[in-house]
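See below for the structure under consideration.
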Amino acid sequence: MRLSGRSRVSRVSRVTRLAAPAVAALLALTTACTGSTVQGRPGASGLRDPYFPKAGNGGYQVDHYRLDLAYDPGDGVLHGKAVITARAEQGLSSFNLDFSGLKVEGVTVQGAGARFNRTGSELTVRPADDLRTGEVFRTEVAYSGKPKALSDPDGSEEGWIPVEDGAFAVGEPVGSMTWFPGNHHPSDKAAYDITLTVPKGYEAVSNGLLRSRTDTGDGRTAFAWHSAEPVASYLVTAAVGKFTVATGQTPSGVPLYTAVAAGEAEDGGPALARLPEMVEWGAERFGPYPFAAAGAIVAPSETLAYALETQTRPVFSGVPNEELVLHELAHQWFGNSVSPKSWKDMWLNEGFATYAEWLWAEEHGGPSAQRRFEAFLAGDTSVDAGAGSDWDAFPPAVPPGPEDISASPVYYRGAMVLHRIRQEAGDAKFFALLRGWVADHRHGNASTADFTAYAERKTGLDLSKVWDAWLYGKDSPR
Ligand code: TRP
Ligand code: ZN
């Protein structure tokens with residue numbers, strides 16, 4: 008089945024709600040905060056995302072994360088130091104980071120010891136001095152412990168996932184808080200420098216470019232990874248294991264770094280071999296590849312029940328097929344460069360990445376997107392197994408709840424929205440729309456309303472019937 012390896016499509020799990028805010032505790036902290044020269048107030052403990060209200064935090068925006076992490080697959084213990092450079096958007100007497108599990112050993116703000124307390128996955132930090140609006144400040148959090156993955160009722164997991172001889176980190180939607188403290192909502196993207204120190208003999212891979220690989224002299228190797236372009240925290244990854252590493256570049260010169268877990272086909276298989284060609288294809292269809300690096304991480308099969316488009320370096324469980332490699336690559340434009348404003352906007356990720364699969368197929372000997380669209384309408388699974396799913400169960404712009412953001416309508420009905428636009432606009436305008444959308448929102452965030460307004464402006468068409476029937480309408484468009 009085409010969709011094997013992406014069982015998220017049909018998952019029906021309910022994502023565990025995060026702990027309620029400790030309003031009383033925060034008020035107590037504020038009133039205790041006297042004697043400070045600047046007047047600040049607590050930053051909000053969540054960004055009120057419609058589906059993950061406690062994800063992210065108010066009052067500041069992060070510019071940069073430096074994560075210095077040491078991990079030993081032998082005992083599964085992670086030692087971390089996070090240095091978070093952020094800008095205060097209000098006067099702050101305290102602010103929150105999202106962080107779950109692990110032990111916090113100490114927090115400093117601007118080099119001075121800061122008080123902190125923890126409630127659920129909220130780490131509240133009270134700096135010695137209040138922070139002024141516009142102030143750029145540095146927070147350091149030292150921590151350690153055995154990270155615990157978050158697990159969904161359907162058995163799928165996210166966060167830090169230990170395996171037999173290593174570990175893999177995947178964060179969509181809220182798993183990154185299991186291994187580093189941060190402002191864990193896609194609306195706050197930042198640059199990253201991640202150094203992973205591991206016992207000699209292990210490889211350690213993250214996003215972006217490998218700046219250095221250093222023998223630390225104490226039986227360990229330190230891998231320093233750099234992402235200059237903004238990354239949403241759910242797209243940050245870390246992979247530790249015995250890997251076969253391959254480097255190279257695409258025909259147009261994008262550096263490639265691919266790591267394949269021991270026990271899997273060493274080269275990652277024939278689909279991954281086409282990644283350089285796919286990157287060039289994507290650049291032609293969607294505009295320049297948005298990042299300084301590309302590649303893949305192939306974890307041992309069964310590590311996860313899904314793949315994730317972690318920035319520049321998607322994580323696959325076992326050797327991926329062509330559709331999956333193309334899908335996760337397409338997310339680099341749709342989701343990673345143009346990121347959702349909230350978790351409600353997931354179809355902007357999944358509908359687009361799925362439609363990219365359809366486009367790739369029709370140009371490489373597969374069924375046309377039109378044929379696939381018709382097969383979905385007819386429930387004909389001979390063209391696409393997904394046609395047999397409940398793809399029309401709800402309108403993709405309004406998933407009923409957080410458990411539905413990765414359900415099949417978000418992928419398939421989302422892709423069909425794009426095909427409907429293409430039918431109305433014709434190929435020339437449609438592809439100009441895709442390229443314009445990516446260029447206009449490069450390294451930013453966008454919502455469904457941003458897209459519908461942009462599509463009408465760019466094509467000059469009134470597409471309200473498409474939005475009503477396909478994006479928002481409760482009735483099945485069948
Ligand atoms: N984004 C992944 C993909 O496209 C699927 C996925 C993994 C996902 N974890 C998720 C989607 C959590 C929504 C929420 O293949
Ligand atoms: Zn996807």
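Note that the sequence shown covers residues 8 to 485 in the working numbering. No residue lacks a Cβ here, since even glycine has one placed at the ideal position from N, Cα and C.
Heavy atom of ligand 1 within 7 Å of S413 beta-carbon: In the sequence shown, counting from the first residue as 1, residue 413 sits at position 406. Yes, the beta carbon of S413 sits closer than 7 Å to at least one heavy atom of ligand 1.
Distance, E273 Cα to A280 Cα: Within the sequence shown, residue 280 is the residue found at index 273, counting from 1. Within the sequence shown, residue 273 is the residue found at index 266, counting from 1. CA-CA distance, A280 to E273, rounds to 11 Å.
Sufficient close CB pairs (3 or more, under 8 Å) joining the segment 317-333 to the segment 213-232: yes
Residues proximal to ligand 2 by C-beta, any heavy atom closer than 5 Å: E357, A360
Nearest-angstrom Cα separation, counted from R218 out to L470: The count along the sequence shown starts at 1 and reaches residue 470 at position 463. The count along the sequence shown starts at 1 and reaches residue 218 at position 211. Answer to the nearest angstrom: the Cα atoms are 47 Å apart.
Delimiting residues of the alpha helix (DSSP H) encompassing F437: Here residue 437 is taken as the residue at index 430 of the sequence shown, counted from 1. Start and end: 421-447.
Separation of F230 from A121, as counted between CA atoms: Within the sequence shown, numbered from 1, the residue matching residue 121 stands at position 114. Within the sequence shown, numbered from 1, the residue matching residue 230 stands at position 223. Those two C-alpha atoms are separated by around 30 Å.
Collapsed DSSP secondary structure at Q68 in the structure displayed: Here the question's residue 68 lines up with position 61 in the sequence shown. Looking at Q68 - three-state DSSP - the assignment turns out to be strand.
Nearest neighbour of G270, chosen from N343, R442, A306 [CA to CA]: The residue given as residue 270 occupies position 263 in the sequence shown. Closest in alpha carbon position to G270, among N343, R442, A306, is A306.
Cβ contact (3+ pairs, closer than 8 Å) linking the segment 69-87 and the segment 197-205: yes
C-alpha distance - L441 paired with F293, whole-angstrom precision: By 1-based counting over the sequence shown, the position of residue 441 is 434. By 1-based counting over the sequence shown, the position of residue 293 is 286. Straight-line Cα distance between these residues: approximately 6 Å.
A197 versus Y72 - alpha carbon distance: Sequence index remark: in the sequence shown, residue 197 carries index 190 (1-based). Sequence index remark: in the sequence shown, residue 72 carries index 65 (1-based). Using only the alpha carbons, I get a separation of about 7 Å.
Top-ranked residue by Cα proximity to A446, from Q339, E369, V417: Position 439 of the sequence shown holds residue 446. The alpha carbon of A446 has as its nearest neighbour, out of Q339, E369, V417, the alpha carbon of Q339.
Terminal residues of the beta strand (DSSP E) in which T222 lies: Along the sequence shown, read from residue 1 onward, the residue named residue 222 stands at position 215. A quick correction: the sequence has Asp, not Thr, at residue 222. Per DSSP, the continuous beta strand (DSSP E) segment holding D222 begins and ends at 216-222.
Ligand 1 heavy atom lying under 7 Å from the CB of P193: Position 186 of the sequence shown, counted from the first residue, corresponds to residue 193. Outside the cutoff, so no.
K88 versus E147: straight-line alpha-carbon distance, rounded: As a first step, residue 88 must be located in the sequence shown, where it is residue number 81. As a first step, residue 147 must be located in the sequence shown, where it is residue number 140. Their backbone Cα atoms lie some 7 Å apart in a straight line.
Assigned secondary structure, P262 (DSSP; H/G/I helix, E/B strand, else coil): On the sequence shown, position 255 is the one that residue 262 refers to. The three-state secondary structure of P262, taken from DSSP, is strand.
Residue of G302, V243, G226 minimising C-alpha distance to T254: For this step, residue 254 is matched to residue 247 along the sequence shown. For T254, the nearest C-alpha among the options comes from G302.
Assigned exposure category for A245 - 16 Cβ within 10 Å defines buried: As a position in the sequence shown, residue 245 is number 238, starting the count at 1. It is buried - the Cβ of A245 has at least 16 other Cβ atoms within 10 Å.
Exposed unless 16 or more other CB atoms sit within 10 angstroms - verdict on P277: Residue numbering aside, residue 277 sits at position 270 when the sequence shown is read from its first letter. Exposed, because fewer than 16 other Cβ atoms sit within 10 Å of the Cβ of P277.
Three-state class that DSSP yields for W477 in the structure shown: Numbered from 1 along the sequence shown, position 470 holds the residue referred to as residue 477. In this structure, W477 counts as helix in the three-state DSSP scheme.
CA-to-CA distance, T221 to C40, given in whole angstroms: Within the sequence shown, residue 40 is the residue found at index 33, counting from 1. Within the sequence shown, residue 221 is the residue found at index 214, counting from 1. With a pLDDT of only 47 at C40, under the threshold of 50, the placement of this residue in the model should not be trusted; the figure read from the coordinates follows. Computed Cα separation, rounded: 44 Å.
Within 8 Å, strictly: CB atoms of Y362 and G393: By 1-based counting over the sequence shown, the position of residue 362 is 355. By 1-based counting over the sequence shown, the position of residue 393 is 386. Contact flag unset, no.
Alpha-carbon to alpha-carbon, S349 and P193: On the sequence shown, position 186 is the one that residue 193 refers to. On the sequence shown, position 342 is the one that residue 349 refers to. Between P193 and S349, the C-alpha separation is close to 7 Å.
Coil, strand or helix - H86 by DSSP: If you number the sequence shown from 1, residue 86 lands on position 79. Correct three-state label for H86: strand.
Ligand 3 heavy atom lying under 7 Å from the CB of M353: Absence of ligand 3 is noted for the structure shown, with ligand 1 and ligand 2 being the only ligands found.
Three-state secondary structure assigned by DSSP to E287: Here residue 287 refers to the residue found at position 280 when the sequence shown is read from its first residue. If DSSP states are grouped into helix, strand and coil, E287 belongs with the helices.
Environment of T140 [buried if 16+ CB atoms lie within 10 Å]: Counted from its first residue, the sequence shown places residue 140 at position 133. With fewer than 16 other Cβ atoms within 10 Å, it is exposed.
Proximity test, L315 beta-carbon vs ligand 1 heavy atom, cut-off 7 Å: As a position in the sequence shown, residue 315 is number 308, starting the count at 1. With a cutoff of 7 Å, L315 counts as near ligand 1, since its C-beta is closer than that to a heavy atom of the ligand.
Buried versus exposed, by CB contacts within 10 Å (16 or more), V261: Taking the sequence shown and counting its residues from 1, the one referred to as residue 261 is at position 254. It is buried - the Cβ of V261 has at least 16 other Cβ atoms within 10 Å.
Pairwise C-alpha distance: D137 and A149: Residue 149 sits at position 142 when you count from the first residue of the sequence shown. Residue 137 sits at position 130 when you count from the first residue of the sequence shown. Rounded to the nearest angstrom, the two C-alpha atoms are 21 Å apart.
Pairwise C-alpha distance: G443 and A462: For the purposes of this step, residue 462 is identified with residue 455 of the sequence shown, where counting begins at 1. For the purposes of this step, residue 443 is identified with residue 436 of the sequence shown, where counting begins at 1. When rounded, the distance between both Cα atoms is 9 Å.
D70 versus W354, E96, L333, residue with shortest Cα-Cα distance: As a working mapping, residue 70 is identified with position 63 in the sequence shown. Nearest of W354, E96, L333 to D70, Cα basis: E96.
Buried or exposed by the 16-neighbour rule on C-beta atoms within 10 Å, applied to D475: Within the sequence shown, residue 475 is the residue found at index 468, counting from 1. Exposed is the call here.
Residue from P134, A176, T131 with nearest C-alpha to L85: Counting from 1 along the sequence shown, the entry for residue 85 is found at position 78. The residue with the shortest Cα to Cα distance from L85 is A176.
Three-state secondary structure (DSSP) of Y461: As a position in the sequence shown, residue 461 is number 454, starting the count at 1. Taken through DSSP and simplified to helix, strand or coil, Y461 comes out as helix.
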